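**Student:** One structure, pasted below without further comment.
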Amino acid sequence: MKVSVIVPVYNIADCVSNCVESLLCQDYKEMEIILVDDGSMDDSPMVCDDWAKKDARIKVVHKSNGGLSSARNAGMDAACGEYVLFIDGDDYLANGTIASFVNVAEKSQTDVVQFGYEEVYGYGKVAEGVETKEDEILKTEIISERHEFYSRLYALGGVAASGCTKFMRLDLARSLRFKEGILHEDEEFTTRLLAGCNSICYITEYTPYKYVMREGSIIHTTFKPKKLYDISSTQEERITVLESFGFEDLVSKAATHYFENLILLYLQAQKTNNKQACDFIDKKAQQLLSNYSLNMTGLMRAITIIYKLGLSGAGFYCSVRRFFGK
């Protein structure tokens, strides 16, 4: 089985080599590594080209800047494997990862192999990490029921939503493609992937993907209106998909998750005095409360009660911040 590994690269000349080295160290050799330079303005293009000169399995695609989705799509256009794996250029894989995925995919004959990730600080040596040999028995579970696909999405959280924690059929991923020009593209893609695939093999207790925490990553950024609007669009699309399947229990979960996101975004918007964003959130929150049965628990339940009492604006902001102790 030939595997295509697609690595979007944008202004990460200082760390992309760590990612590439972790791929070249894999004991599975029947693969191609596609480095997609997304219009980098540092030395990333040169670093990518240098790697291509060192190993014939490495291809480089140079393109104008279009964002993560655009880079992934360009990589798929250049790929010729049976299965595809996406890895961000500042992350890396543990040894033995790809051989394990191939072994599981061949035995399970599933469209997608879902695995976990581990947050790490710094790189250390790329040779370190959990090594998994091809013949090692991993704990796997094959699911072919669509309701369970989406149930796992909420049970597993961010792991299941990420585009980098899936080893999937290239033809399936290519038919869906990543939506360009939006933030939270992984959540949008995953919603459609779960609606379009027939089977998923979940690997439990296995976190071969190493997510490197860096300054400047999305968790460190401040409030952006585009983030709000893209999250809103993505969450509403998921609710629509779940409604089309008649999964009412999951519709409630999706609406609850959406409401929780709105509350957190409201706090950020208030902090930056963005009245337009706050009004948008208030409108969406009222629609959710009116149209869906939200299953709030603990702290979020208390916050919802405050909201239902009609306290909004600065008063709501101050009350919620007191709950959070900030």
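First residue of the sequence shown: 74, per the working numbering; consecutive thereafter.
For each residue, glycine too, the CB sits at the ideal point set by N, CA and C.
None of the values given here were measured: they were computed from a predicted structure.
According to DSSP, what are the bridge partners of Ile-106?
**Tutor:** Val-78, Ile-131, per the DSSP bridge assignment.
**Student:** Of the residues Ala-234, Glu-253, Glu-192, Gln-187, which one's Cα is nearest the Cα of Leu-211?
**Tutor:** Checked all of Ala-234, Glu-253, Glu-192, Gln-187; the closest Cα to Leu-211 is Gln-187.
**Student:** With distances taken from CA atoms, which of Leu-166, Val-175, Leu-335 is nearest Glu-155?
**Tutor:** Residue Val-175 is the option with its Cα nearest to Glu-155.
**Student:** Rounding to the nearest angstrom, what Cα-Cα distance links Pro-43 and Ile-216 in this structure?
**Tutor:** No answer is possible for residue 43: it lies beyond the span of the chain, which begins at 74 and ends at 399.
**Student:** From the DSSP output, in three-state form, read off Phe-353 for me.
**Tutor:** Phe-353 falls in the helix class under three-state DSSP.
**Student:** At the level of alpha carbons, what is the spacing between Gly-202 and Phe-159?
**Tutor:** Confidence is the limiting factor: at Gly-202 the pLDDT is only 46, short of 50, which leaves the residue's position unreliable, though a coordinate-based value still follows. In a straight line, the C-alpha of Gly-202 is about 19 Å away from that of Phe-159.
**Student:** Going by the CB atoms, is the gap between Leu-267 and Leu-226 shorter than 8 Å?
**Tutor:** Yes.
**Student:** In angstroms, rounded to a whole number, what distance separates the CA positions of Phe-318 and Val-89?
**Tutor:** Computed Cα separation, rounded: 41 Å.
**Student:** Going by C-alpha to C-alpha distance, which of Val-157, Cys-121, Cys-237, Phe-222 sits closest to Asp-110?
**Tutor:** For the residues Val-157, Cys-121, Cys-237, Phe-222, the minimum Cα distance to Asp-110 belongs to Cys-121.
**Student:** Are at least three pairs of beta-carbons, each pair with one atom in the stretch 322-342 and one in the stretch 230-237, less than 8 Å apart?
**Tutor:** Contact fails: fewer than three Cβ-Cβ distances are below 8 Å.
**Student:** Taking the straight line between their C-alpha atoms, what separation do you get for Leu-323 and Phe-296?
**Tutor:** Whole-angstrom Cα-Cα distance: 28 Å.
**Student:** If you follow the beta strand (DSSP E) that Phe-251 is part of, which residue opens it and which one closes it?
**Tutor:** Here Phe-251 belongs to no beta strand (DSSP E), and DSSP marks it neither H nor E.
**Student:** What residue from Asp-259, Gln-182, Thr-329 has the CA that sits closest to Gln-359's CA?
**Tutor:** Of the listed residues, the one whose Cα sits closest to Gln-359 is Thr-329.
**Student:** Answer with buried or exposed for Glu-348, where buried requires no fewer than 16 other C-beta atoms within 10 angstroms of its C-beta.
**Tutor:** The residue asked about is misnamed: residue 348 is Lys in this sequence, not Glu. Result: exposed.
**Student:** Verify whether the separation of the beta carbon atoms of Val-185 and Cys-270 is less than 8 Å.
**Tutor:** Yes, the pair counts as a contact, with Cβ atoms nearer than the cut-off.
**Student:** Under three-state DSSP, which class holds Tyr-279?
**Tutor:** Residue state, collapsed to three classes: coil.
**Student:** Does DSSP put Asp-111 in a helix, a strand or coil?
**Tutor:** Three-state result, Asp-111: strand.
**Student:** Check for me: the alpha helix (DSSP H) holding Phe-188 runs from which residue to which?
**Tutor:** That residue, Phe-188, is in no alpha helix (DSSP H); it is neither H nor E in DSSP.
**Student:** Compute the Euclidean distance between the alpha carbons of Lys-75 and Ile-312, then round it to the nearest angstrom.
**Tutor:** Distance between the alpha carbons of Lys-75 and Ile-312: 36 Å.
**Student:** Is the Cβ-Cβ distance between Leu-340 and Lys-299 less than 8 Å?
**Tutor:** No, the pair does not count as a contact, with Cβ atoms beyond the cut-off.
**Student:** Any idea what DSSP makes of Arg-311, helix, strand or coil?
**Tutor:** The answer is helix: DSSP assigns Arg-311 an H, G or I state.
**Student:** Among all the DSSP beta bridges, which residues are the ones paired with Leu-403?
**Tutor:** This structure cannot speak to residue 403, because the chain is shown only from 74 to 399.
**Student:** Return the chain-ordered list of same chain residues with a C-beta closer than 7 Å to the C-beta of Leu-141, the five sequence neighbours on each side being excluded.
**Tutor:** Correct list, in chain order: Pro-81, Glu-258.
**Student:** What residues in its chain sit with their C-beta under 6 Å from that of Ser-143, if we drop five residues either side in the sequence?
**Tutor:** Excluding positions up to five away in sequence, the list reads Glu-253.
**Student:** Does any residue of chain D have a CB that is nearer than 8 Å to the CB of Leu-96?
**Tutor:** Here there is only one protein chain, and chain D is not present.
**Student:** Could you tell me if Tyr-194 is buried or exposed, where buried requires 16 or more neighbouring beta carbons within 10 angstroms of its beta carbon?
**Tutor:** So Tyr-194 ends up on the exposed side.
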